[in-house]
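Worksheet for the structure shown next.
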Ligand SMILES: Nc1ncnc2c1ncn2[C@@H]1O[C@H](COP(=O)(O)OP(=O)(O)OP(=O)(O)O)[C@@H](O)[C@H]1O
Ligand SMILES: [Mg+2]
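Chains as they are written, first to last, in our numbering: chain R, -10 to 673; chain B, 1261 to 1626.
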């Protein structure tokens, strides 16, 4: 009797889940015909990227959308990847069972988190067309691919399958597919262009996945291709144990009851990150739990006491028990250079600035903020900037206004950085796009639709800081551009206009053309540096030239210095004017005396870089008279760079010595979380 | 009667002085310059001898140390060259044509029509020549005129035509050409007591339809808003050569006040030739600020721009006399403006039967 009841109860729970989602399909992003299509593409592509990343494969993804019945809005979506594929026996669970995911319990950064995604697509397809979803899967160890049509029984939360068989998977070019997955599904949906479209979603995906090659064939048959711009896969992310600051009562209870550890000290040390032996002992002391207690036999009030100790509500000598930070190698930021490349491949513009903050922790969860800004021609100047939001490399396309990342952008006074912004609040206007990426082991959204990040003051602050820092880069760029435009004007003045005035006036008066040098010196009365950094298509190298003009009436002598990407592995070549290394990334040339009217040209080439890696050379000078187009060298700054270099090298030596330390990744102590658990609430 | 025209040689010499200033500066190793009077209200002053407002002593130097002003100088040189070519070829062109011709001037081409008009004025100011001397014609079309007055105009074939502006013209009146100098127009005779200058075409036509010119023995001149140089010039000639009073009938708003000032005292932009264009004896007939109240005229609220204009007028030397100060302050206090045609509130004949007779009576003209 009791066995039947239990089974029934279990079944009921599952029925409730399936039916709940059937009735609330909008939570899953299937609330409108256009959004449903984007959601379906998103679930499929996210899975492909996740699977490839896990299997360390450079993803090649192809998405095709075909209109089947225009009147009834029936659309077919075909999505193919070159990932590891799914073993035949697992296919029905992945596609036909909710909450079946490989990442459900792992704490690390991944796109998919809940095991709902692709099953939701299968369900939506079935609900709107009555059809099953066709899956083709090939794993490397088998010769043929598995094919099967999957539907699902929502009442039982079980897959229904038909036409299961195996076949040889041939690529269009006749070769055999080694491994990968293809999903073909029909649904009631609408294809739309614009800011919220499949196109935009894939474009955004390609920005934050510079290692992916993505092809999209739209319903009109047009092919859009976003090539791979780096061969580097995202760094392999490690799973980490939960941190006491991010744990919920239920989870703690489950962990205890499932534990086979013999005593609490061992349990704490084995199952949590940030936990030293001392911390474990102190926590148990303040929770009034014996160190020898068996985790399995803890009483409910003891769980609560332990949680209070975790949260710092129970204290030792009026202080919360000190814990170490969780390690942050479980995060996979895109990193500045790749954000740069990703942005410049989808938006044709000149200036990109990026900022990746160091990883940090909120409420026991590691996270990291990255921002990027692309600025310039080709974008509308009088419209709000394009906001490109991402969480764990997944584009967020809806609910922009309610998202923490947007709020962070809105909280910055962009006017000081050269963008228009009414009243210094809100999304700024200007020919720019701002990218914000949050990488975290536990991204908390405002709803199951996973479109907007929930509020968290620490993350907001961190994002703001990143934006401010990036804003300074933008301001520097704009100031430089303004200065360059001014210099350009001066050049036009003395090179074109003054000679023309001299010639024309001489001609009208019938007199000889006068000598110009005096007037030009008078007009310019400045020393001017002109810098040009250009990508040479033929040599595939970056050519730099710096020209110094003495437009004053006195002889001048200078040392010129230039920044170059030494740290990024660039090599300086053909530097015929010699000079010497001043510090890492700073080269210096001591110039001979420049007579009035004289110019001096420095030229060199940088190899070991790709197009777009280095587009701006900063020029500095040492000398008494100001140089337009160059900055006076800040000697203190230079010293600081040198000092950091010295520290940097000694640090490297040190850390290699202690590489076998027990907890090398742990970081300095953090205070316990304050207030409510919001964005990084952790748990289930 | 003064004649302001210069001979071709005088004009060339004057222009060469401008060029020489630039050339000599370069020879001296300095930035080329062009020196000219400041052309704003801060630099106009009443000339007692001439009875009009003229530019004062403030001069500004346009020097080629910035790209903008260097380009101006280069343009000026191109214009000088162009004028010389026209003088030598016995041709003339409109300002608009010059603007288009400047397309071929490379670095010296104009950015806008306004720029070319301004530069032509600059050269007038510096050389004290007239644009007629430069063989440059304005685009602006002159005013219309009606009334029992007779003049001679030399037509394109060089023949003199005798025209009576009442009997020899249609309802639209006599069209004033852009050149109204002696070589083109001679004033012969008239049988009128005064001339009335009118701002809007609607009012001009209303007075014609009502036979106002015949009933009151006057000449009517349509200003077409801010009057062209030739309009102001012919008004001045008629007033001086025939010794006729001039009354000015405009809308009641700050912009009309400015139109009146340009007619009676001289315009800021053309203060270098005020004595040649302005009619100091002209009287402002209406609409005045007190008319708005006295006649209870339909009105509009002053816009922020109107208010700004009125305030600027308070410090304009041309409006310094007590009557104008009172009118401007009154309008500011009222916060209202009214159009000429708002008089139609009392019927189509009200303006000719009541308003104008009353206003003219105050002046002893009716
Ligand atoms: N293209 C694919 N290649 C290989 N494995 C896949 C692929 N798509 C899905 N899987 C596997 O199926 C599991 C379930 O996918 P599903 O989209 O339902 O959930 P999820 O991605 O874990 O979470 P979420 O609900 O956030 O999408 C994945 O965790 C993964 O193990
Ligand atoms: Mg998924």
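A virtual CB, placed ideally from N, CA and C, is assigned to each residue, including glycine.
Note that the structure is a prediction, hence the values are computed from the model and not measured.
Cβ neighbour criterion (16 or more within 10 Å) applied to residue i
i, result
"residue 160 of chain R", "exposed"
"residue 97 of chain R", "With a pLDDT of 49 at residue 97 of chain R, under the threshold of 50, the modelled position of that residue is not reliable, and no figure is offered here."
"residue 1565 of chain B", "exposed"
"residue 238 of chain R", "exposed"
"residue 674 of chain R", "Beyond the ends of chain R as shown, which are -10 and 673, falls residue 674 of chain R; an answer cannot be given."
"residue 183 of chain R", "exposed"
"residue 553 of chain R", "buried"
"residue 1540 of chain B", "buried"
"residue 279 of chain R", "exposed"
"residue 1529 of chain B", "exposed"
"residue 1387 of chain B", "buried"
"residue 112 of chain R", "buried"
"residue 649 of chain R", "Per-residue confidence for residue 649 of chain R stands at a pLDDT of 37, beneath the threshold of 50, marking its modelled position as unreliable; the derived number appears in the next sentence. The residue is exposed, with fewer than 16 neighbouring Cβ atoms inside 10 Å."
"residue 176 of chain R", "buried"
Any chain B beta carbon closer than 8 Å to residue i
i, result
"residue 493 of chain R", "yes"
"residue 460 of chain R", "no"
"residue 521 of chain R", "no"
"residue 489 of chain R", "yes"
"residue 470 of chain R", "no"
"residue 61 of chain R", "no"
"residue 481 of chain R", "yes"
"residue 585 of chain R", "no"
Cutoff 8 Å: residue i Cβ touching any chain R Cβ
i, result
"residue 1325 of chain B", "yes"
"residue 1368 of chain B", "yes"
"residue 1282 of chain B", "yes"
"residue 1287 of chain B", "yes"
"residue 1276 of chain B", "yes"
"residue 1345 of chain B", "no"
"residue 1384 of chain B", "no"
"residue 1459 of chain B", "no"
"residue 1339 of chain B", "no"
"residue 1263 of chain B", "Low per-residue confidence applies at residue 1263 of chain B: pLDDT is 48, beneath 50, and the placement is therefore not dependable enough to give any value."
Supposed close pair residue i, residue j - CB separation, criterion 8 Å
i, j, result
"residue 317 of chain R", "residue 285 of chain R", "Actually they do not touch by this definition, with Cβ atoms about 32 Å apart."
"residue 55 of chain R", "residue 122 of chain R", "Not confirmed; about 15 Å, so no contact."
"residue 388 of chain R", "residue 428 of chain R", "Residue 388 of chain R to residue 428 of chain R, Cβ: 20 Å. No contact."
"residue 497 of chain R", "residue 1312 of chain B", "Not really, about 34 Å apart at Cβ, beyond 8 Å."
"residue 1608 of chain B", "residue 1466 of chain B", "7 Å"
"residue 341 of chain R", "residue 363 of chain R", "5 Å"
"residue 303 of chain R", "residue 275 of chain R", "4 Å"
"residue 517 of chain R", "residue 616 of chain R", "7 Å"
"residue 1603 of chain B", "residue 1562 of chain B", "Incorrect: roughly 20 Å between the Cβ atoms, too far for contact."
Pair within 8 Å by beta-carbon distance, residue i and residue j
i, j, result
"residue 1591 of chain B", "residue 1554 of chain B", "no"
"residue 212 of chain R", "residue 204 of chain R", "yes"
"residue 461 of chain R", "residue 401 of chain R", "no"
"residue 1468 of chain B", "residue 1409 of chain B", "no"
"residue 179 of chain R", "residue 62 of chain R", "yes"
"residue 1392 of chain B", "residue 1441 of chain B", "yes"
"residue 335 of chain R", "residue 215 of chain R", "yes"
"residue 1494 of chain B", "residue 1436 of chain B", "yes"
"residue 1601 of chain B", "residue 1463 of chain B", "yes"
"residue 1481 of chain B", "residue 1458 of chain B", "yes"
"residue 1426 of chain B", "residue 1455 of chain B", "no"
"residue 705 of chain R", "residue 1294 of chain B", "With chain R running from -10 to 673 in the structure shown, residue 705 of chain R is simply not present."
"residue 1399 of chain B", "residue 1335 of chain B", "no"
"residue 187 of chain R", "residue 30 of chain R", "yes"
"residue 550 of chain R", "residue 506 of chain R", "no"
"residue 541 of chain R", "residue 585 of chain R", "yes"
Distance cut-off 7 Å: residue i Cβ against heavy atoms of ligand 3
i, result
"residue 36 of chain R", "As far as ligands go, the structure on display features ligand 1 and ligand 2 and does not contain ligand 3."
Any C-beta of chain C under 8 Å from that of residue i
i, result
"residue 1331 of chain B", "Among the protein chains in the structure shown, which are R and B, there is no chain C."
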